[in-house]
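Enquirer: To start, I am sharing the structure in question, which I have written as C-alpha cells.
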Amino acid sequence: MSQQSPLNASSATPGATGAGPTGGWETVIGLEVHCELRTETKLFCGCRNAFGDEPNTNVCPVCLGLPGSLPVLNKQAVEYAIRIGTALHCRVQPSIFHRKNYFYPDMPKDFQISQYDVPINADGWLELPSGKRIGIVRAHMEEDTGKTTHVGGGGRIHQAAHSLVDYNRAGVPLVEIVSEPDMRSAEEARDYVEELRAILVATGASDGKMEEGSLRVDCNVSVRPEGSTTFWTRCEIKNMNSLRSLGRAIVYEAARQVELLAGGDRVVQETRHWDEADGSTHSMRSKEEAFDYRYFPEPDLVTLKPSEEWVDAVKASLPVLPAERRARVAAAAGVPSSSEAVATVVRLDLDHLVAAAAAAMVDGRLALRRVANEVAGELADAGSYDLDPEAFVGLVQMEERGDLTSAQARTVLKALVAHGGDPAVIAAGLGFRALAAGALAEALDQVIAANPREWVRYSEGDDKLTGFFIGKVKAATGGNADLRHATELLRQRRGPH
Amino acid sequence: MSAGDRRSVAAGHTRPAAQIAAAVRAGELSASTVIEDHLERIAQHEADVHAFNLVMADAARARAGQIDRLVANGTDPGPLAGVPVALKDLLCTRGVPTTCSSRILAGWLPPYDATVVRRLHDAGAVFVGKTNMDEFAMGSSTEHSAFGPTHNPHDLSRVPGGSSGGSAAAVAAGFSTVALGTDTGGSIRQPASLCGVVGAKPTYGLVSRYGLVAFASSLDQVGPFAANVADAALVLDVISGYDEFDSTSLPGAHPSAASLVGREPDGLRVGVIAELAGAEGIAPDVAARLREAADALSASGARVAEISVPSVRYGLSAYYLVAPAEASSNLARYDGVRYGLRVPGDDITEMYMATRAAGFGAEVKRRIMLGTYALSAGYYDAYYGKAQKVRTLIIRDFEEAYRSCDVLLSPTSPTTAFELGSKTSDPITMYLSDVCTISSNLAGHPAISVPFGTGDDGLPVGIQVLAPALGEPVMFQVAAALEAAAPQSAPGGAR
Amino acid sequence: MAQRISKNEVAHVARLARLALSEEELERYTTQLATVLEHAADIASLDIEGVPPTAHPFPLVNVLREDVPRPCLGRDEVLSQAPEVEADRFRIPRILGEAP
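Residue numbers (the numbering used here), protein chains in the order written: chain L, 0 to 496; chain H, 145 to 639; chain R, 13 to 112.
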C-alpha cells in the first residue's frame, strides 16, 4: 500500500477547514464490539454469570482451566448468538470453535476458545438512524477472560509492581461483532454503537451496560485522501470505556495519522491504547513481535449446526427492532425516518405515544414534536414517567384545535408526565380553559381599567408600555395567556395610531 | 540372557477381578484381606519395580473396610467390589496428588475426581495408588518420568513400555488386579504387550475424558489393564458410557464389551495387516508370534487372510504432527499462575519461561516445540493441516478393510521389552515403537493387546486385535479366543 | 542435508511456547526437531489436496447443555493450590504488555 503524498498538501493539516473533518482527508473506521450475553451460566460450564461477586467465587475446574477439564457449550448462549445474528441480518450457518493460543494471566488455559474462519453468523448489516447501512462482517461466539488488577503504579499496567487475577469473569459468553470499515466519522461510530446496543438489548441477549463492561468497543482507524477507494494502514485502538471516549479517541487518532502522513511519515500498523486522562493514544508495542495465535479447531467441542427450525423460531420471536420502529414512527408522523426527532422517540421507547396520536388521526408532526421535545425533556429531568397515551392524544388534540396555546400545552404536558391525569381537567385546574373564549379580552380590560395613567400614555403612542401591560396580563392570568394574542388585543384596543 | 539370569518379579497366576468381586459381594471374601495381599506384594517388590508415584495404603485399607461393611449391611458395593485398582497418575483424584509424573505438577491436589475414577469408586473398586508414567503421557518406555523409570516386572533391567508403564507393571507384578491407563498413540497397548498383560484402548468417545489430564485431545482415551481379557472387558463396561461433562462423549447406549467373550470365533473374518506383518522394524520373533496367532484363530474357525491398509505407513508421521500440536496447546496452562510449580521472575514472561523450563522434561519440551512449530504461521497447512488429511485417508482405508473383515490383526509392538536407556538418546528410535498402534488412535477405533507367547529372549509378546468403531464386542471376542489359544508359557495369563 | 528447521526458528518457537532454553539445549533440540520433521516429510509430499481434514473421529453435532447453574468450587480449595495469593486473588509478577 503506497503512502502517496496528499493531493492537496496545503490543506492537509488537522483541524484545517476543508471538505472533510481533517481537510482533504477521509477517516475510515471499523468497530469490534464485544457483547457479554445475559445467560445464567458461563459459556462452557455451569458457574454463574454474575457481575460484582466476591473474587474467585464463581469458578470450577472448567473455567479455571484445571488439568483434565473439558468445555460443554451453553444452549442459551447459542440461542442469544442466533438472535443477534438474525437481528443483524446475518447468515446463520454451521460453525466450529477454534483455539486462539497466547499466554496471558487472565486466560486460565493460555488459549481462548473462539471462532475463526467459520463463525456462527456472517455477512450482515445494520441501519443507522441516518439511514446509512453499516456492514457486519461476522458475529461470533467466544469466551471472556478473567480480570487483572494492577497493584502499585497508580493501577496502570505499565508501572505496576505486581498484579492480581480474579477468574469470575473467565468463561462468560461473548459475541464479538465485527463491522466493515464503513464509518467515516466519530459521530457515525458513536451512532453505530448506540444502534448496535439498542439492537442487542432488544434481542434480550445483552443488558447493554457499557459501564459494567457488558459491552466493550475497540476501533480500527485509518485515514486516506478523500476520493480514494483503497484502504490505507490502520491502527487498532483499545481501552475506550464510554461513547465519549470512543469519539474522542477517533478524532485524536485520525488527526495523529493525518499529521504523520502530511509530514511524509508512514503510519505503522499497530495496536494503540487510549489514555482517557491525557486524551491521546499510545503505542502498545512491546518487545513481542506480532502475535501468532496458531489457530486450530478445538478438539474438545463438536460442530454447531443450528437447525432451520431453530433459526426460524428465533426470527419469529424477535421483537420489532429499532430501524423498523423508526420507520413506523416516521410513517405515523409523516416525516422521513432519518429525522432526529424520530431517532429520539425510538431511543427513549416513546413510540407508542406517536402511534396513539396517529391512530386518533391527530397532527402527526405536532405529536412527534411534543414527544421528542417535551416528553423527552421531562424524561431526562424526572427519570421516569407515567403518561397515558390516551391522555397524551387528548392533549395534542386540544392544542391542535387551538383550545390551548403551545405554551399552555407544554405546561399541561409537564404535569401529565409528572402526575398523570386528564389533560382537560388539568388545563381547567390551571385556569387555561377560561382563557379560551373571551377570557383574555376580559383580563386585558381589567388591567387597562386598573392602570389608567399608563393606558393614557400607551394610547398616545408610548410603545414602551407594551411590555408593562403584557406583563400585567400575564400576571393576572397566572402566566397562561397567549402573549402574542394579548399583544394583538392590546393594539386593537388602542386603535389606529 | 536366559530366563534364569533375569531378575523377574512378575506375578504368577492371580485371581481375576470378576472372581474377587463375586466372592466379596457374596460375603465369602473380605475386601480387607484382598487389599492386604496386594499391599504385601507392593511392600516386597515395589522398590524394584517403581510402578507407583504414590501408594495409597491407608486410603485403600479404609475403603476396603467400607466395602466389607456395606456387604455386611446387605448393600451391594457393585461389580468391582473389593477389586484393587491402580490409576495412572494423570487421572484426577480429588485431594490426592496427581502429578502426571512431572515436576510442574508435583504435589498438585485436584479439587475434583475424573468421571472414570468416580465410576470405578461407585462400582466398589479399591484404589491402590497412582502409577508412574512418561511425563504428560509422552513416551513409550516410562523413562521420561520426572520421578525415575518403572522397571519391567519380567526383567527389571528393561522398560515396561509407556506411557502407561506403571499401570502395566502394577498388574504384571500383582500390585493391583486391574489398572487404568491412557492411550494416545499406543500407551496402553504397547506397555501391555511388553509386560505380558491385557491392555485395551476403546472407541474414541466411549469413555469420558473428563478428569483425564489432556495430552492430545482428539486421540486420548482411558482404558483398562488386566491379567485376562474378561477382566479388561468388565472394567471397560464399568467406566464407559455417555458423560455430560465431555462433549466428545458418544451419546446413547452401547453393547457391553463383555457380551461376546467366550463365544467361538467361528466364521469371523480376520485380516492380518500386511503393512505390519513382516515389515521392516518388526522383530522376526514377534512376526513369528503373529503368524502363530493367526494360525490359532484359523484353527478355532476364523477365516484369516492378509489385508492391506496402505495408509498405515503414514500413521507415525501424521501422529507426530497432530499429537504434539494439540499437546503444545493443552500444556500451555502450566504457567505457574494458578497451581503447580512456580519459579519466580521479575515479570510474568520471565516467570512463565523459568517455570516451564524447570518444570518440563526434555521429551515434553521437544514435543511442545514440535507442536508449536507445526501450528505456527506459515506452517499450518504443510504440517498440521496435512496430518489431519492423512487421518482421513487412514479412516477410509480402515473402512475399506472392514468391508471384508470383522477384525484386523497385527503385532502390538515391533519388539519385546528393550533395555532401560537403550533408546533414549535418539527420539526417532523411540517413536518407531508406536508404528503398530498409532493408526487406531488416528481413526478413533478400538484395539486391544493380548499376551501371546514370548520372544526368543523369553520376554512377553503381545498381539493386537483391531476393530471398527464401537466394535468392542467382536474385538473382545477374538481377543478371548486368542488368549485361550495362547502358548502355555505366556506369563500372567488366566487359566 | 538441508535442515528442515533452523536454530532461529527453534528459538522463535521456544519463545512462543514460553520455554527458556540454554544455548546447548537450543542446539540439541534443533537437531532433534529437524530429524523428526525430516521423517514427517513423507506426508508433506503426498498429493491430498481434495481430501478433507479430520478434526474429530466422529462427526457429532450440537452437543449442548441447559443454562442451569451447577455447584462451583469453594474458593479456599481453589486458592489453596495457588503459588501466591493476595486479596482472594491469584498474585502474579508484573505484566509488561497489554493483552492482544
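For each residue, glycine too, the CB sits at the ideal point set by N, CA and C.
If you're wondering where the values come from, they're calculated on a predicted model, not measured in any experiment.
Give the DSSP-derived three-state secondary structure of L/L125 in the structure shown.
Expert: It is a strand residue.
Enquirer: Name the two residues that bound the continuous alpha helix (DSSP H) containing L/A426.
Expert: Looking at the DSSP string, the run of the alpha helix (DSSP H) that includes L/A426 is P422 to G428.
Enquirer: Could you tell me whether the Cβ atoms of L/L386 and L/V374 are closer together than 8 Å?
Expert: Closer than 8 Å, so yes.
Enquirer: Whole-angstrom Cβ separation of H/Q334 and H/T573, contact assumed at under 8 Å?
Expert: At roughly 14 Å, the Cβ-Cβ gap does not stay under 8 Å, so H/Q334 and H/T573 are not in contact.
Enquirer: On the CB-based measure, 16 or more other CB atoms within 10 Å of its CB, does L/H272 come out buried or exposed?
Expert: Answer is buried; the Cβ neighbour count reaches 16.
Enquirer: Is the separation between the beta-carbon of L/G64 and that of L/G123 shorter than 8 Å?
Expert: Against a cut-off of 8 Å, the Cβ pair of L/G123 and L/G64 comes out as no contact.
Enquirer: Against chain R, with Cβ distances strictly below 8 Å, would H/Y517 count as a contact?
Expert: So yes, H/Y517 belongs to the interface.
Enquirer: Verify the CB distance criterion: does R/I55 have a CB-CB separation below 8 Å to chain L?
Expert: By this cut-off, R/I55 is not an interface position.
Enquirer: Using only alpha-carbon positions, find the residue among H/M619, H/P590, H/T556 and H/G588 that is nearest to H/G599.
Expert: It is H/T556.
Enquirer: Is it buried or exposed, H/G251, if we count other Cβ atoms within 10 angstroms and call 16 or more buried?
Expert: Classification of H/G251: exposed, given that the 10 Å Cβ count is below 16.
Enquirer: Let's see if you can read the secondary structure: which residues bound the alpha helix (DSSP H) around H/H295?
Expert: No alpha helix (DSSP H) holds H/H295; DSSP gives it neither H nor E.
Enquirer: Roughly how many angstroms lie between the CA atoms of L/G29 and L/E126, to the nearest whole one?
Expert: The alpha-carbon atoms of L/G29 and L/E126 are separated by roughly 15 Å.
Enquirer: So with Cβ pairs under 8 Å, would you call L/D291 a contact of chain H?
Expert: Judged by the 8 Å Cβ criterion, L/D291 is in contact with chain H.
Enquirer: Just the chain R side, please: which residues come within less than 8 Å of L/F102 by C-beta, in chain order?
Expert: Per Cβ cutoff of 8 Å: R30.
Enquirer: So what does L/C523 bridge to, in DSSP terms?
Expert: Only positions 0 to 496 of chain L appear in this structure, which leaves residue 523 of chain L out of reach.
Enquirer: Quick check on the burial criterion: 16 or more other C-beta atoms within 10 angstroms. Buried or exposed for L/F295?
Expert: L/F295 is buried by the Cβ-count criterion.
Enquirer: Just to confirm the assignment, what range does the beta strand (DSSP E) spanning H/M574 have?
Expert: Unbroken run through H/M574 is the alpha helix (DSSP H), P571 to Y575; no beta strand (DSSP E).
Enquirer: Mind checking which residues open and close the alpha helix (DSSP H) that includes L/H418?
Expert: S405 to H418 is the extent of the alpha helix (DSSP H) around L/H418.
Enquirer: Please work out which residues of its chain come closer than 6 Å, Cβ to Cβ, to L/V266, disregarding the five sequence neighbours upstream and downstream, and give them in chain order.
Expert: Excluding positions up to five away in sequence, the list reads T232, Q256 and L259.
Enquirer: The region 494-517 of chain H: which residues have C-beta closer than 9 Å to a C-beta of chain R, in chain order?
Expert: If the cut-off is 9 Å between Cβ atoms, the region 494-517 of chain H has E494, M495, Y496, M497, A498, T499, R500, A501, A502, F504, A506, K509, R510, I512, M513, L514, G515, T516 and Y517 near chain R.
Enquirer: Within 10 angstroms of its Cβ, does H/E543 collect 16 or more other Cβ (buried), or is it exposed?
Expert: Under this definition H/E543 is an exposed residue.
Enquirer: So if DSSP puts H/F196 in a beta bridge, which residue, or which two residues, is it bridged to?
Expert: In the DSSP output, where bridge partners are listed per residue, H/F196 has H/T275.
Enquirer: L/L72 CB to nearest chain R CB: under 8 Å?
Expert: So yes, L/L72 belongs to the interface.
Enquirer: Do H/L253 and H/T326 have their CB atoms nearer than 8 Å?
Expert: Result no, Cβ atoms of H/L253 and H/T326 do not sit closer than 8 Å.
Enquirer: From H/L231 to H/A161, what does the alpha carbon distance come to, in whole angstroms?
Expert: H/L231 and H/A161: Cα-Cα distance of roughly 15 Å.
Enquirer: DSSP three-state call for L/H536: helix, strand or coil?
Expert: Lying before the first or after the last residue shown, residue 536 of chain L is absent from chain L, which here runs from 0 to 496.
Enquirer: Assign L/W454 to one of three DSSP states: helix, strand, or coil.
Expert: DSSP places L/W454 in helix when its eight states are reduced to three.
Enquirer: I'd like to know whether the C-beta atoms of H/P352 and H/S307 end up nearer to each other than 8 Å.
Expert: In the sequence as displayed, the identity of residue 352 of chain H is Ser instead of Pro. Result no, Cβ atoms of H/S352 and H/S307 do not sit closer than 8 Å.
Enquirer: Report back the beta-carbon spacing between L/L303 and L/V71 to the nearest angstrom; my notes put them in contact at under 8 Å.
Expert: Actually they do not touch by this definition, with Cβ atoms about 12 Å apart.
Enquirer: Using beta carbons (cut-off 8 Å, strictly below), is L/L69 in contact with chain H?
Expert: Answer yes: the Cβ-Cβ gap between L/L69 and chain H drops below 8 Å somewhere.
Enquirer: Do you know offhand how far L/A390's Cα is from L/R483's?
Expert: Near 27 Å, if we compare the C-alpha coordinates of L/R483 and L/A390.
Enquirer: Reducing DSSP to helix, strand and coil, say where H/P454 ends up.
Expert: DSSP places H/P454 in helix when its eight states are reduced to three.
Enquirer: From the beta carbon of R/L58, is the nearest beta carbon of chain L less than 8 Å away?
Expert: No, no contact with chain L.
Enquirer: Strictly below 8 Å CB to CB, what residues from chain H border R/E89?
Expert: Here the neighbours are P255.
Enquirer: If you scan the region 569-616 of chain H from start to end, which runs of the alpha helix (DSSP H) of 4 or more residues do you find wholly inside it?
Expert: Listed in chain order, they are 571-575 and 582-587.
Enquirer: Determine whether the beta carbon atoms of H/I248 and H/L485 lie at a separation below 8 Å.
Expert: A contact, by the Cβ cut-off of 8 Å.
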